[in-house]
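Everything in the sequence shown is counted per this note's numbering, starting at 4 for the first residue and increasing by one. Beta carbons are placed, not taken as given, at the ideal position from N, Cα and C, and that holds for glycine. Everything on this sheet refers to the single structure shown next.
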Amino acid sequence: MSAGLKICIVGSGPAGMYAAGDIVKKSPDSRIDIIDKLATPYGLVRAGVAPDHQTTKNVTRAYDKVMENANVRFVGNISLGSDIPLTELRRLYDVVIIATGTPKDRSLNIPGEDKSGVFGAQTFVYWYNGHPEFRDAVPDLDIDTAVVIGNGNVALDVARILMRTEGEMLTSDLADHAAQEIFKSPLKCVHVVGRRAPENAQFSSKELSEFAELVTATPYTDKSILPDEYVSEDKKQERVVNTNLDLLRSFEHIRPGIDGRSIHLDFLASPVEILGDGHISGVRFERNRMEGGKAVGTGETYEIPCQLLVSCIGYEMGILEGLPVEKGIVKNDEGRVAEGLYVVGWAKRGPSGTIGTNRLDSQEVVDRLLSDFATGGDAAKPGPEGLDSWCRAHGIDVVSFDDWKKIDAAEVARAGEKSPRRKFVRTRDMLSLVKDKVQKQEKTC
Ligand SMILES: Cc1cc2nc3c(=O)[nH]c(=O)nc-3n(C[C@H](O)[C@H](O)[C@H](O)COP(=O)(O)OP(=O)(O)OC[C@H]3O[C@@H](n4cnc5c(N)ncnc54)[C@H](O)[C@@H]3O)c2cc1C
């Protein structure tokens, strides 16, 4: 057991929180600062998980327990890169763990992607979830048709949130500004388009089954492309896929949407061009066939007229000075990046898996770093006191865990009767609740 390490975790999402929880257990004398660029902790649990999936967010209770440990501090509202460089963090702490997730949308790499009305999932989801950097990325929802590219759960989340009514979202924490736009939108039709076959879709049955329960929108799929049965050596996978296929088949029998709204699940098509002058007016797709497990273009094209496109095809690491980034992740050897520098979560392995997937992954990296530091850390490292000095010297108004609890309580107190919270979406509003003065400029996307 390594005694008394000074550790900084960059990012308070699931991966960072599981790493902190494991260090607390295995090296209880270590002091851990969990820094985050936001004034609010827990990463995508707050800013990604769909606002109508509140039970998923209960995982934060376990993270709260970690934050309440005497040797753990939440230091919010400080960004690695713009507020403090990596070299400085590495000077202050024995160990720095990068847990920033993958904060950049993957590009479609097709002509027309720069047109207005075209959004990456990150921007769109962060907008409706009230992420302060995306508060002003307002999509024009005065539209009749939207296209969502992708066949994972994020694509289904986006389509569902666009089609939910005010009544269906009463128990959610959808951000006010997004609610205003979504509920007044005349949107009639959402196409969710995947490049591979229905049996290759990545979404889970739970998410898919929610389409059948939407109050005003009806799901459709072309039944002729659904295989009768999916057979695989992987029996778990076989069960999941067959449940999805049964659901897709059942969609045909659902009553027509009350006001004719619909979600179409289209497969075997890749976007090749976004059409329109300045603003998107449609998407041209090429039909695909499956060959050796891969989607291959057939040369046949078709168009879907639309006024909004949300691309949900994954995320990648952006550039952070001092971090080697390769293929969209931080280059690492089983979590080790360099001496005293580690990476966990989506920044380590890319954007896949659920919240729970990060637990074992972070634990493995913690085991590795504790064995690297089995003889202990460097007593001369300034640790948390050094970070405090840096923040004082640079006028950084950090948010502590107690501050966050006040913001949290205020959000809960001002919520509607059935809603769990009404989010603050401007960092300055959060700081004004807990600070005398607001020193930091609001960042925008
Ligand atoms: C839209 C969406 C919906 C999802 N829904 C579900 C779901 O319902 N159920 C489920 O199990 N999984 C879901 N997931 C997956 C789950 O959210 C991820 O597995 C998990 O959040 C990854 O954890 P992470 O800690 O690596 O990254 P993140 O959760 O992204 O956390 C990264 C943290 O680092 C901070 N950060 C980033 N850059 C910096 C910087 N430069 N300086 C300081 N801090 C920084 C961020 O503010 C953030 O708090 C969803 C993912 C997405 C994208």
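Short check: CB of residue 450 to CB of residue 417, under 9 Å? This structure leaves residue 450 out entirely; the chain is present only between 4 and 448.
Would you identify the three-state DSSP class for residue 320, choosing helix, strand or coil? On the sequence shown, residue 320 is found 317 positions in, with the first residue counted as 1. Note: residue 320 maps to coil in three-state DSSP.
Answer yes or no: do residue 188 and residue 159 have a C-beta to C-beta separation smaller than 9 Å? By 1-based counting over the sequence shown, the position of residue 188 is 185. By 1-based counting over the sequence shown, the position of residue 159 is 156. The answer is no: Cβ separation not under 9 Å.
Would you say residue 227 touches ligand 1, meaning its beta carbon is less than 8 Å from a heavy atom? Within the sequence shown, residue 227 is the residue found at index 224, counting from 1. Not under cutoff, so the answer is no.
If you draw a straight line from the C-alpha of residue 167 to the C-alpha of residue 151, how long is it? Here residue 167 is taken as the residue at index 164 of the sequence shown, counted from 1. Here residue 151 is taken as the residue at index 148 of the sequence shown, counted from 1. Roughly 15 Å between the two C-alpha positions.
Just tell me which of 319, 20, 342, 350 has its CA closest to the CA of residue 69. Translated into positions along the sequence shown, residue 69 becomes position 66. Nearest of 319, 20, 342, 350 to residue 69, Cα basis: 20.
Quick check: residue 142 and residue 41, are their CB atoms within less than 9 Å of each other? Within the sequence shown, the letter at position 139 stands for residue 142. Within the sequence shown, the letter at position 38 stands for residue 41. The answer is no: Cβ separation not under 9 Å.
Return the chain-ordered ranges of every alpha helix (DSSP H) run that is complete within the segment 208-248 and spans a minimum of 4 residues. 208-212
For residue 2, which of helix, strand or coil comes out of DSSP? With the chain running from 4 to 448 in the structure shown, residue 2 is simply not present.
Here's the rule I'm using: 16 or more other beta-carbon atoms within 10 Å means buried, otherwise exposed. How should residue 183 be labelled? As a working note, residue 183 is residue 180 in the sequence shown. That one is exposed.
In whole angstroms, what separates the C-alpha of residue 100 from that of residue 388? Sequence index remark: in the sequence shown, residue 100 carries index 97 (1-based). Sequence index remark: in the sequence shown, residue 388 carries index 385 (1-based). Distance between the alpha carbons of residue 100 and residue 388 is about 18 Å.
Alpha carbon of residue 113 to alpha carbon of residue 90, nearest angstrom: Position 110 of the sequence shown, counted from the first residue, corresponds to residue 113. Position 87 of the sequence shown, counted from the first residue, corresponds to residue 90. Straight-line Cα distance between these residues: approximately 37 Å.
Please work out which residues of its chain come closer than 8 Å, Cβ to Cβ, to residue 445, disregarding the five sequence neighbours upstream and downstream, and give them in chain order. The sequence position of residue 445 within the sequence shown is 442, counting from 1. Any answer about residue 445 is weak, because its pLDDT of 47 lies below 50 and its placement is not dependable; what the coordinates show is given next. Excluding sequence neighbours, residue 445 sits near 135, 429, 430, 431.
Beta-bridge partners of residue 276, as assigned by DSSP: Working through the sequence shown from its first residue, we reach residue 276 at position 273. 287, per the DSSP bridge assignment.
Among 298, 412, 373, which has the Cα closest to the Cα of residue 22? Here residue 22 refers to the residue found at position 19 of the sequence shown. Residue 22 has its Cα closest to that of 373, out of 298, 412, 373.
Length of the line joining the Cα atoms of residue 146 and residue 251: Counting from one through the sequence shown, the residue named residue 146 turns up at place 143. Counting from one through the sequence shown, the residue named residue 251 turns up at place 248. Going from the Cα of residue 146 to the Cα of residue 251 covers about 26 Å.
Cα-Cα separation between residue 186 and residue 169, rounded to whole angstroms: In the sequence shown, residue 186 corresponds to position 183, counting from 1. In the sequence shown, residue 169 corresponds to position 166, counting from 1. Using only the alpha carbons, I get a separation of about 6 Å.
Any heavy atom of ligand 3 closer than 8 Å to the beta-carbon of residue 350? For the structure depicted, ligand 3 is absent and the ligand set comprises only ligand 1.
Are the segment 43-54 and the segment 378-387 touching by the rule of at least three beta carbon pairs closer than 8 Å? no
Touch test, the segment 403-422 against the segment 364-383, Cβ-Cβ under 8 Å, three pairs minimum: no
Under 8 Å by Cβ, that's how I've got residue 181 and residue 131 pegged, so tell me the actual separation to the nearest angstrom. Reading the sequence shown from its first residue, position 178 is the one you call residue 181. Reading the sequence shown from its first residue, position 128 is the one you call residue 131. Sure, about 4 Å apart at Cβ, within 8 Å.
Identity of the residues DSSP links to residue 100 by a beta bridge: For the purposes of this step, residue 100 is taken as the residue at position 97 of the sequence shown. Beta-bridge pairing links residue 100 to 12, 345.
What residue from 76, 10, 105 has the CA that sits closest to residue 356's CA? Translated into the one-based positions of the sequence shown, residue 356 becomes position 353. Residue 356 has its Cα closest to that of 105, out of 76, 10, 105.
Three-way DSSP call (helix, strand, coil) for residue 300 in this model: On the sequence shown, residue 300 is found 297 positions in, with the first residue counted as 1. Strand.
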